[in-house]
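My numbering puts the first residue of the sequence shown at 7, with every later residue one more than the last.
Beta carbons are placed, not taken as given, at the ideal position from N, Cα and C, and that holds for glycine.
The model shown is predicted, which means the values in this text are computed figures rather than measured ones.
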Amino acid sequence: MRPYIGICDFTVREQVYRMLELIPHRFSRDLMVGVMMSYKTLNNLPTKWARVFPAKKNIASIFVDDLRVLNTIHYADYATGADADRQLAYTLAKVEIYGGSCLGAIQLDMIWPDPNELKKFRQHCDIPIILQVGANAMRECGDDPITTCERLKTYGTAINAVLFDKSMGRGVGMDAALLARYAGVLSFDCPHLAPAVAGGLGPTSMDLVAPLAQAFPDLSIDAQGRL
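Put into structure tokens, the structure is as follows:
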């Protein structure tokens, strides 16, 4: 995967076109066009996030066919344990269908989804998978970067990139020093996985990520809560 600058919560195609007006054609990073989907919206269940989670039938119409763009569905399902999706491979197959022909990646906003289900999905689909490692996922690993990366190894090649994101869309500013530890261990232990970070990034807070961008030239970044 090429490094990207991710922006989430696109709801109509016109927003994408307006953003592309700011992106030069030979820019070194893709623009990730992030569109939200959840277990509830996929299965026609009521959700308080309806304003930023477009109807599943409309998602494909938001994405554009442009080489500068990484069209991405951010699929959110934080259920764990007995409530976790036992048919995640089948679920992701449905997610892919609703993404349409321009879908370029799926980001999993989940807490350690079943590696076997992801491997099963990848047997039939080679679309890149980005796994969000948020605050809860880090906590399950004792907030330890080495333990976290050991768990990431269980996914093998079923995932392509890892988003370290303690903010999880709430606009909380990132701890660059902490995320540098996670990205550093990932680069050493899992060099096949592309690193990405998020946490409170927006028009007035890009300085937060500057030290990380200098240390990791191929780092991807994602913004949501402060846009």
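Could you tell me how far apart the beta carbons of V18 and I68 are, in whole angstroms, since I believe they sit closer than 8 Å? So it is a contact: roughly 6 Å between Cβ atoms.
How is I29 classed by DSSP in three states: helix, strand or coil? In this structure, I29 counts as coil in the three-state DSSP scheme.
First and last residue of the alpha helix (DSSP H) that includes Y234? For residue 234 there is no data in the structure shown, the boundaries of the chain being 7 and 233.
If you follow the alpha helix (DSSP H) that T153 is in, where does it begin and where does it stop? Start and end: 151 to 158.
D115 and Q138: beta carbons closer than 7 Å? It is a contact, given that the beta carbons lie within the stated cut-off.
Ignore the nearest five residues each way along the sequence and tell me which others in D224's own chain have a CB closer than 6 Å to its CB. Excluding positions up to five away in sequence, the list reads P9.
Do you know offhand how far I136's Cα is from A88's? I136 and A88 have their C-alpha atoms roughly 24 Å apart.
Please report the straight-line C-alpha distance between P78 and A141, rounded to a whole angstrom. This sequence places Thr at residue 78; Pro is not what is there. Cα atoms of T78 and A141: separation of roughly 22 Å, rounded to the nearest angstrom.
Within 10 angstroms of the Cβ of P217, are there 16 or more other Cβ atoms? Answer buried if so, exposed if not. Exposed, by the Cβ-count rule.
Return yes when the Cβ of A183 is within less than 7 Å of the Cβ of M7, no when it is not. No, these two residues do not count as a Cβ contact at 7 Å.
Out of N49, D195, L124, Q21, state which residue places its alpha-carbon closest to the alpha-carbon of T154. The residue among N49, D195, L124, Q21 with its C-alpha nearest the C-alpha of T154 is D195.
Anyone know if the C-beta pair for A2 and R128 falls short of 7 Å? Limits of the chain in this structure are 7 at one end and 233 at the other, which puts residue 2 out of reach.
Proximity winner among G105, A221, K125, relative to S44 (alpha-carbon distances): Ranking G105, A221, K125 by Cα distance to S44 puts G105 first.
Once DSSP output is grouped into helix, strand and coil, what is the label at I68? DSSP places I68 in helix when its eight states are reduced to three.
What is the residue span of the beta strand (DSSP E) that F59 lies within? Boundaries cannot be given for F59, as no beta strand (DSSP E) includes it and DSSP labels it neither H nor E.
Taking buried to mean at least 16 other C-beta atoms within 10 Å of its own C-beta, is Y96 buried or exposed? Result: exposed.
Counting only runs that start and end within the region 99 to 165, where is the beta strand (DSSP E) found for 3 or more residues in a row? Here the runs fully enclosed are 111 to 116, 135 to 140.
Determine the DSSP secondary structure at P217, reduced to helix, strand or coil. Three-state result, P217: helix.
Using CA atoms only, rank isn't needed, just tell me which of C108, A82, N49 is closest to V39. For V39, the nearest C-alpha among the options comes from C108.
Reduced DSSP secondary structure (H/G/I, E/B, other) of S193: Reduced to three states, the DSSP call for S193 is helix.
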